[in-house]
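Undergrad: The sequence shown runs 1 to 71 under our numbering. The C-beta atom is built at its ideal place from N, Cα and C for all residues, glycine as well. These figures come from a predicted structure and were not determined experimentally.
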Amino acid sequence: ALGQLRDAAAAPAVAALLAHAISNLRKEAALALGELRDPATLPALHDALEDRDPEVRKAVRIAIRQIGEAP
Numbered sequence: 001a002l003g004q005l006r007d008a009a010a011a012p013a014v015a016a017l018l019a020h021a022i023s024n025l026r027k028e029a030a031l032a033l034g035e036l037r038d039p040a041t042l043p044a045l046h047d048a049l050e051d052r053d054p055e056v057r058k059a060v061r062i063a064i065r066q067i068g069e070a071p
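Below, the structure is given as structure tokens:
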């Protein structure tokens with residue numbers, strides 16, 4: 001939902017969720033960042049490519065593509 005608002009001001013808070021203990025929150029955060037399309041979030045997304053959960057890594061790859069930079 002946050003990503004659909006396209007409010008770049010939310011990006012830092014959403015990016016912080018990439019480190020949350022709950023994998024579903026990390027996945028949803030990645031997808032929201034993709035919808036926000038803020039290139040400033042790419043470093044956090046690149047770090048999340050190493051997530052232990054394959055679903056999170058998949059969401060991160062989707063987000064990076066949405067922002068316009070393939071991993």
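Measuring alpha carbon to alpha carbon, tell me which residue in 28, 40, 37, 52 is nearest residue 59.
TA: Here the question's residue 59 lines up with position 59 in the sequence shown. Out of 28, 40, 37, 52, 28 has the C-alpha closest to the C-alpha of residue 59.
Undergrad: Could you check what DSSP says for residue 55 in three-state terms: helix, strand or coil?
TA: Taking the sequence shown and counting its residues from 1, the one referred to as residue 55 is at position 55. If DSSP states are grouped into helix, strand and coil, residue 55 belongs with the helices.
Undergrad: How long is the line joining the alpha carbons of residue 30 and residue 45, rounded to whole angstroms?
TA: Start at 1 with the first residue of the sequence shown, and residue 30 comes out as number 30. Start at 1 with the first residue of the sequence shown, and residue 45 comes out as number 45. One C-alpha to the other measures close to 7 Å.
Undergrad: Using DSSP with H/G/I as helix, E/B as strand and the rest coil, what is residue 3?
TA: Reading the sequence shown from its first residue, position 3 is the one you call residue 3. Here the model assigns residue 3 a pLDDT of 48, short of 50, so the residue's position is not dependable, and the following value carries that caveat. Helix, per DSSP.
Undergrad: On a CA-only basis, which of 43, 50, 36, 18 is nearest residue 66? Give me that one, please.
TA: On the sequence shown, position 66 is the one that residue 66 refers to. The option with the nearest alpha carbon to residue 66 is 36.
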